[in-house]
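Residue numbers (my numbering): 11 to 367.
Beta carbons: idealized from backbone N, C-alpha and C, even for Gly.
One structure is given here, and the rest of the page talks about it.
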Amino acid sequence: MSTSAPVAERPTPETTKRPKRRSSFNEGTGRLAALLLSPTMIVLILVVGLPILAALRESLYQSGQRIDESGFVIQGSEFVGLDNFTAIFSGETGDRFWNAFYNTTFFTVACVVLETVLGVAMALVMHKAFKGRAIVRASILVPWAIPTVVSALLWKWIFQADGIANDLLGTQILWSTEGWQSVLSVIIADTWKTAPFIGLLVLAGLQTIPDEVYEAAKVDGARVWSTFVHITMPLVKPALLVAVLFRILDTLRIFDLPFVLVGPNKESVETLSILAYLEANQTRYGPAAAYATLLFIYVAVVAYVFVKLLGADVFGDAIQRKPKKNGRSGRRRGKQEAPAAALAGLTASSGGGGGGA
């Protein structure tokens with residue numbers, strides 16, 4: 011008796027349906043993200059956007075009392091276009107502007123460089139395990155917690171003619187007068203106050219470095235300086251760049267420290283913010299808004315160039331390109347491979363001269 015082979019069933023539309031593709035985490039979350047961010051964006055528009063637009067509008071007008079062509083005193087606002095901006099770059103006003111621009115740039119470069127060096131040193135000290143580390147951390151962060159005006163008054167008392175600074179140096183320097191001494195006093199006070207800020211952010215970056223990396227470097231015979239250059243600095247670079255960027259943007263807007271410590275109308279420490287304040291204090295709101303607008307453009311350009319050239323990861327993973335496949339695992343694997351890459355660079359640079367265990 012012969013048996014026939016079973017006939018395969020004809021596939022039905024139900025069985026031929028393709029399995030549903032699992033949606034990735036990023037799909038379908040755009041509207042929810044926009045909804046959740048909308049309150050913050052509204053607050054930013056009200057607090058940041060509207061004042062910027064108001065300043066731009068005010069820079070195109072001239073307000074206050076002035077004398078017209080007939081010799082009559084008139085009061086109110088008058089549209090002058092770009093006259094407030096062109097007046098900044100001409101005559102004595104132009105010389106004063108470029109002096110304030112130079113002072114602002116010089117303070118930014120000098121203060122940020124000193125604060126970066128001292129901040130990294132503070133972070134390395136705070137990262138070490140020793141007795142009394144909590145007290146050291148608290149004492150280092152105290153200057154940053156003090157308000158700037160209070161810090162400026164403190165240093166003003168120190169730099170008085172009969173203050174502690176002259177007693178320690180054995181001199182009679184008038185720190186609040188025109189000259190290099192007033193510039194030096196501002197740099198010292200600003201560095202003392204804000205170097206702990208960089209130290210705090212760098213300390214956060216140091217705490218993310220695995221101990222195994224340093225142990226492997228020690229086994230390979232790496233010296234302290236080589237470990238610092240080839241392991242610590244590359245791995246702490248993202249946090250350090252963000253800290254430096256924040257300090258650059260903050261120092262470009264420096265106002266209260268030189269204003270309180272040295273005083274207004276001092277050519278050696280007059281910055282763009284002080285210049286804008288003095289114009290507004292004389293009810294010349296149009297030129298003051300023009301100064302503020304130029305400072306805003308200067309800060310925006312510096313921030314853009316800094317992020318583009320040095321690659322400061324200000325926005326985190328939001329600015330990274332989305333990987334095509336295995337995005338999460340690839341990003342996690344990249345973070346894990348970063349210490350290994352730094353260790354490989356250290357080994358290659360040392361050339362095996364340090365000796366192995």
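For the segment 128 to 205, the continuous alpha helix (DSSP H) assignments of 4+ residues that do not extend past its boundaries occur at 143 to 155, 158 to 168 and 174 to 179, in sequence order. In this structure, the CA atom of V311 is about 14 Å from the CA atom of L320.
One alpha carbon belongs to D172, the other to A131, and they sit about 32 Å apart.
Counting only the Cα atoms, T50 lies some 15 Å from L60. Separation of Y308 and V123 (C-alpha to C-alpha, rounded to the nearest whole angstrom) is 19 Å. Linking L42 to S48 through their CA atoms gives a straight-line distance of about 10 Å. Under the criterion of beta carbons closer than 8 Å, F107 and L285 qualify as touching, at roughly 7 Å. Residue nearest to V160 within the set A299, F269 and Y287 is F269 (criterion: CA-CA distance). Rounded to the nearest angstrom, the Cβ distance from S69 to N94 is 6 Å, consistent with a contact under 8 Å. By the Cβ test, the segment 151 to 165 is in contact with the segment 195 to 213, since at least three Cβ pairs between them sit closer than 8 Å. By alpha-carbon distance to I219, the top candidate from R233, G231, W202 and H240 is H240.
Assignment of E277 by DSSP, reduced to helix, strand and coil, places it in the coil class. The three-state reading of DSSP puts F95 in helix, counting H, G and I together. With respect to the 9 Å criterion, Y295 and Y71 are classified as neighbours on the basis of their beta carbons.
When secondary structure is reduced to three states using DSSP, F107 falls in the helix class. For the pair of segments examined, the segment 277 to 291 was found to touch the segment 257 to 265: the number of CB pairs separated by less than 8 Å reaches three. One thing to note: K203 has its Cβ within 9 Å of the Cβ of T158.
Considering only L213, F169, D177 and L211, the residue with the shortest C-alpha distance to S195 is F169. In the DSSP assignment, A232 falls outside any alpha helix (DSSP H) and carries neither an H nor an E.
P244 has its alpha-carbon roughly 48 Å from the corresponding atom of G101. Distance between F140 and V252, taken at the CA atoms: about 28 Å. Note: F89 is bridge-paired with Y71 in the DSSP secondary-structure output. Distance from the CA of L250 to the CA of F89, rounded to the nearest whole angstrom, comes to 45 Å. Annotation: the continuous alpha helix (DSSP H) that includes T261 extends over M243 to L262. In the three-state DSSP reduction, T114 falls in the helix class (H, G or I). For P268, the uninterrupted alpha helix (DSSP H) run begins and ends at D266 to L271, by DSSP. In the displayed model, S283 falls within a helix according to three-state DSSP. Excluding its 5 nearest sequence neighbours in each direction, S87 has C-beta neighbours in its own chain below 6 Å: Y71 and S73, listed in chain order.
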